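> Heads up: the sequence lines are chains A and B, in that order.
Quick note: the numbering used here has the first sequence finishing at residue 1056, numbered continuously throughout.
Quick note: the numbering used here has the second sequence finishing at residue 369, numbered continuously throughout.
Yeah, the Cβ is synthetic: ideal placement off N, Cα and C, and Gly gets one too.
None of these values were measured; they are calculated from a predicted model.
So that we are looking at the same thing, I have put the structure below in structure tokens.
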Amino acid sequence: MPMPEGLPILDTYMSVPTRGAKHLRYLFMHKHLRDDGSKEMAFPAEYMFKDHPQWDPDSPDFDPVSFVVESMDRNGVAQTILMADPERPDFGDTKRAFDQHPDRFFLGSANFDPNDVMGTTAKIERHVRDHGVKLIQFFPSGTSPQVPIDDPKMYAVYAKCVEVGVPVAVCAGVPGPRLPMDAQHVELIDRVMYDFPNLVFITRHGCEPWEDLMVKLMLKWPNLYYSTSAFAPKHYPKAIVDYANTRGADKIIYAGYFPDGLSLDRIFTDMPGVPFRDHVWPKFLHENARRVLDIAAP
Amino acid sequence: MAMPTDIGVIDTHMGIPPRDKVEAYGFFRDMLHDEGSKDMTFPAEYMFKDYPTYEGETDMVAFVLRNMDEVGVARSMINIRRHDTDPNIARAHQDHSDRFFYCWSFSPHEGTPGIAAMKEAKQRFDIKAAICFPCGLNPQVGISDALMYPWYAACCELDIAVCINAGVPGPRLPLWPQKVELIDSVMYDFPDLRFVTRHGCEPWTALAVKLMLKWPNLYYSTSAFAPKYYPADIVDYANTRGGDKIIYAGYFPDGLSLQRIFRELPGVPFRDHVWPLFLRDNAASVFQLD
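And the structure:
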């Protein structure tokens, strides 16, 4: 039961800290956050976290790439998926991470607005062709207007992902930011998996409070997976840990939340306390992600 | 006001007769509940005084070309989907590509492999449109349903039009999938999609006109309607702001003979400048014909 040491851990959710104040990362949400409190937060889900990673972008010594690499090294994380948009002007630091550590970093593509259907499908094609992205991520409650998991616009997007052979990672469950939740209800996933049997679908951000339903759906749909992004290990839902320990060892994928809401130090301080069975640990910490996202061990 | 002759009409809804007309409509026969429909050869036949028959015809391609020649139809769009299973379709394609151009019928239930097949058909046959009959799908799928969206996206990528039946269907099936109002959000989400309605849009023709005025890439084709029944809303729109929007389509050999259509056409009160647009030029533009 103890967490083994020395595994080549693969974190499927990380990003490079942005230059400038932290709250600038989340401005895209502000146009539909309604409460005043959220707008004053550096990070619109910060009320859920005891603390969240801080950095001083104005310090002359600050290097976003070193900040990430040192954090990984301190905690035994061998490789990570960096979530970014290679077409944004601020991609430079992420690109530098790839250039400096090509064997440690892989790209997950974020920053899509499926309200622009054909713009999104064309961008997915470009990202897969030009950047070899490992997954395409969507935040249904965070787009404006919101685009639910089973929205017709998403169907055009899912079809494109199947065509080019890239998995999707989709936030599911009640969102942390104070936005309506309907777009991310876990039950919406069922129909998508029925209509796209070849789509590889990974949930982000917990699926709470519908984690029991998520387990039912993972049992039902072979290509449906759960990643633990945005949750400190001490709060991993019991249904998910139980499922990993029984029939679902191949289905649960480690993802952190650095540097948004959790430090890697916090995550890996908590991690040994998760009651995974021996055979689950390597699958959870890297093997499942390697298989699903096609990433070789270093 | 007189209809011109010898301008080389383009008919955007034509078929090579299938060997078995009953079987050809079999794809939705399972969904018909009423006894009456089950006795019909053609499930909308109650709407037509008579419909074309072709007993005794030995060469179906020659039969269609002869009919086109008799009324002055230079080119027509046929469904190439049966190319590999119906030798007549293969022969029409092989020998008469100067007279025919092609569309591809789809069911959104075919999913992503079906989309890949349509993309291949673009390469093989230079298809100009994808066509779909939302009420005839089993289960039915609305015009704005999520299942349709990947196909609309594929049409945009291929730069082909999509032709969709809209309005109350003739066959005795529920109408909800073809309500004209469903087109609105599709046009919003796919501003580059060239969307052509088929089979009349009735009784929501006034709404169809409003939507055509609103959406630059929305068009109406007159399939399945004898010219004496073209809706007044549509003829009026063609004569005013919609000269570029209304496209001739017949219904041969399903429900109307070309002789009947072209006997009635001169009675349609189109203005002079509308006739060549309606009979030829709009189709050439929307379907990107040479």
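Within 9 Å (strictly less), CB to CB, does residue 959 of chain A reach chain B?
Position 201 of the first sequence holds residue 959 of chain A. Judged by the 9 Å Cβ criterion, residue 959 of chain A is not in contact with chain B.
> Bridge partners of residue 155 of chain B, per DSSP?
For this step, residue 155 of chain B is matched to residue 76 along the second sequence. DSSP output for residue 155 of chain B lists B/90 and B/179 as bridge partner(s).
> Could you list which residues in chain A have their beta carbon closer than 9 Å to that of residue 190 of chain B, in chain order?
Here residue 190 of chain B refers to the residue found at position 111 of the second sequence. Correct list: 917, 920, 953, 954, 955 and 956.
> Can you name the start and end residues of the alpha helix (DSSP H) that residue 876 of chain A belongs to?
Here residue 876 of chain A corresponds to residue number 118 of the first sequence, with the count starting at 1. First-last of the alpha helix (DSSP H) with residue 876 of chain A: 875-889.
> What is the DSSP secondary structure of residue 257 of chain B, counted as helix, strand or coil?
Indexing the second sequence from 1 puts residue 257 of chain B at position 178. Residue 257 of chain B falls in the helix class under three-state DSSP.
> Under 9 Å between C-beta atoms, does residue 37 of chain B make it to chain A?
What is shown of chain B runs 80 to 369, which leaves residue 37 of chain B out entirely.
> Give the DSSP bridge partners of residue 298 of chain B, in chain order.
By one-based count along the second sequence, residue 298 of chain B stands at place 219. DSSP lists B/275 as partners of residue 298 of chain B.
> Going by beta carbon distance, what residues of the same chain come within less than 7 Å of residue 82 of chain B, once the five residues before and after it are set aside?
Numbered from 1 along the second sequence, position 3 holds the residue referred to as residue 82 of chain B. 344, 345 and 354.
> Using a Cβ-Cβ distance cut-off of 9 Å, determine whether residue 197 of chain B contacts chain A.
For the purposes of this step, residue 197 of chain B is identified with residue 118 of the second sequence, where counting begins at 1. So, not an interface residue.
> Which residues in the same chain have their Cβ closer than 6 Å to the Cβ of residue 787 of chain A, if we skip the five residues on either side of it in sequence?
Position 29 of the first sequence, counted from the first residue, corresponds to residue 787 of chain A. Excluding positions up to five away in sequence, the list reads 802, 900 and 935.
> According to DSSP, is residue 832 of chain A part of a helix, a strand, or is it coil?
The residue given as residue 832 of chain A occupies position 74 in the first sequence. If DSSP states are grouped into helix, strand and coil, residue 832 of chain A belongs with the helices.
> DSSP three-state call for residue 841 of chain A: helix, strand or coil?
As a position in the first sequence, residue 841 of chain A is number 83, starting the count at 1. Note: residue 841 of chain A maps to strand in three-state DSSP.
> Rounded to whole angstroms, what's the CA-CA distance from residue 312 of chain B to residue 286 of chain B? Just pull it up for me.
Within the second sequence, residue 312 of chain B is the residue found at index 233, counting from 1. Within the second sequence, residue 286 of chain B is the residue found at index 207, counting from 1. Each residue's alpha carbon lies about 9 Å from the other.
> Interface residues of chain B around residue 908 of chain A at Cβ under 8 Å?
In the first sequence, the residue the question calls residue 908 of chain A occupies position 150. Per Cβ cutoff of 8 Å: 225.
> For residue 780 of chain A, I'd like the list of residues in its chain whose CB is within less than 7 Å of its CB, leaving aside the five on either flank, ordered along the chain.
The residue labelled residue 780 of chain A in the question sits at position 22 within the first sequence. Excluding positions up to five away in sequence, the list reads 800 and 801.
> For residue 1039 of chain A, which residues from the same chain have a beta carbon less than 8 Å from its beta carbon, with the 5 sequence-adjacent residues on both sides left out?
One-based indexing of the first sequence puts residue 1039 of chain A at position 281. For residue 1039 of chain A, where only same-chain residues beyond five positions count, the Cβ hits under 8 Å are 761, 762 and 765.
> With distances taken Cα to Cα, identify the nearest neighbour of residue 926 of chain A among A/1042, A/907, A/819 and A/991.
Within the first sequence, residue 926 of chain A is the residue found at index 168, counting from 1. Comparing Cα-Cα distances from residue 926 of chain A to each of A/1042, A/907, A/819 and A/991, the minimum goes to A/907.
> I believe residue 836 of chain A touches residue 774 of chain A by the beta-carbon criterion, under 8 Å. Please report the beta-carbon distance rounded to the nearest angstrom.
Your numbering for residue 836 of chain A matches position 78 in the first sequence. Your numbering for residue 774 of chain A matches position 16 in the first sequence. Not a contact, Cβ separation roughly 17 Å.
> Along the segment 872-901 of chain A, what residues have a CB closer than 7 Å to any CB found in chain B?
Against chain B - using a Cβ distance shorter than 7 Å - the residues of the segment 872-901 of chain A are 875, 876 and 879.
> Among B/240, B/221, B/230 and B/223, whose alpha-carbon lies nearest the alpha-carbon of residue 181 of chain B?
Mapped onto the second sequence, residue 181 of chain B falls at position 102. Closest by alpha carbon: B/240.
> Take the Cβ of residue 164 of chain B as the centre, count every other Cβ of all protein chains shown within 10 Å, and call the residue buried at 16 or more, exposed below.
Numbered from 1 along the second sequence, position 85 holds the residue referred to as residue 164 of chain B. It is exposed - the Cβ of residue 164 of chain B has fewer than 16 other Cβ atoms within 10 Å.
> Nearest to residue 1005 of chain A by CA position, among A/979, A/811 and A/890, is which residue?
Here residue 1005 of chain A is taken as the residue at index 247 of the first sequence, counted from 1. For the residues A/979, A/811 and A/890, the minimum Cα distance to residue 1005 of chain A belongs to A/979.
> Closer than 9 Å, Cβ to any Cβ of chain A: which residues of the segment 202-229 of chain B, in chain order?
Here the close residues are 223, 224, 225, 226, 227, 228 and 229.
> Pick helix, strand or coil for residue 244 of chain B, following the three-state DSSP scheme.
Along the second sequence, read from residue 1 onward, the residue named residue 244 of chain B stands at position 165. Strand.
> Return the residue from the list A/1013, A/902 and A/960 that minimises the CA-CA distance to residue 792 of chain A.
Your numbering for residue 792 of chain A matches position 34 in the first sequence. Out of A/1013, A/902 and A/960, A/902 has the C-alpha closest to the C-alpha of residue 792 of chain A.
> Can you find a CB in chain A that lies within less than 9 Å of the CB of residue 76 of chain B?
Only positions 80 to 369 of chain B appear in this structure, which leaves residue 76 of chain B out of reach.
> So what's residue 211 of chain B in DSSP terms, helix, strand or just coil?
As a position in the second sequence, residue 211 of chain B is number 132, starting the count at 1. DSSP places residue 211 of chain B in strand when its eight states are reduced to three.
> With a threshold of 9 Å between beta carbons, is residue 363 of chain B in contact with chain A?
The count along the second sequence starts at 1 and reaches residue 363 of chain B at position 284. It does not: the Cβ of residue 363 of chain B has no partner Cβ on chain A nearer than 9 Å.
> Determine whether the beta carbon atoms of residue 983 of chain A and residue 954 of chain A lie at a separation below 9 Å.
In the first sequence, residue 983 of chain A corresponds to position 225, counting from 1. In the first sequence, residue 954 of chain A corresponds to position 196, counting from 1. No.
> Is the segment 150-158 of chain B touching the segment 115-130 of chain B, taking contact as three or more C-beta pairs under 8 Å?
Short answer: they don't touch.
> Does the CB of residue 231 of chain B have a neighbour CB from chain A at under 9 Å?
The count along the second sequence starts at 1 and reaches residue 231 of chain B at position 152. So yes, residue 231 of chain B belongs to the interface.
> If you run the structure through DSSP and keep just helix, strand and coil, what is residue 948 of chain A?
Working through the first sequence from its first residue, we reach residue 948 of chain A at position 190. If DSSP states are grouped into helix, strand and coil, residue 948 of chain A belongs with the helices.
> For the segment 1026-1050 of chain A, which residues have a CB atom closer than 9 Å to at least one CB atom of chain B, in sequence order?
Residues passing the 9 Å Cβ filter: none.
> Using a threshold of 9 Å, state whether the C-beta atoms of residue 866 of chain A and residue 894 of chain A are closer than that.
Counted from its first residue, the first sequence places residue 866 of chain A at position 108. Counted from its first residue, the first sequence places residue 894 of chain A at position 136. Yes.
> Kindly provide the ranges of any beta strand (DSSP E) runs that are 3 or more residues long and lie completely inside the segment 890-977 of chain A, ordered along the chain.
Runs found: 893-896, 926-929 and 959-962.
> Just to confirm before moving on: does the CB-CB distance between residue 336 of chain B and residue 97 of chain B stay below 9 Å?
For the purposes of this step, residue 336 of chain B is taken as residue 257 along the second sequence, with counting starting at 1. For the purposes of this step, residue 97 of chain B is taken as residue 18 along the second sequence, with counting starting at 1. In this structure, residue 97 of chain B does not lie closer than 9 Å to residue 336 of chain B by Cβ.
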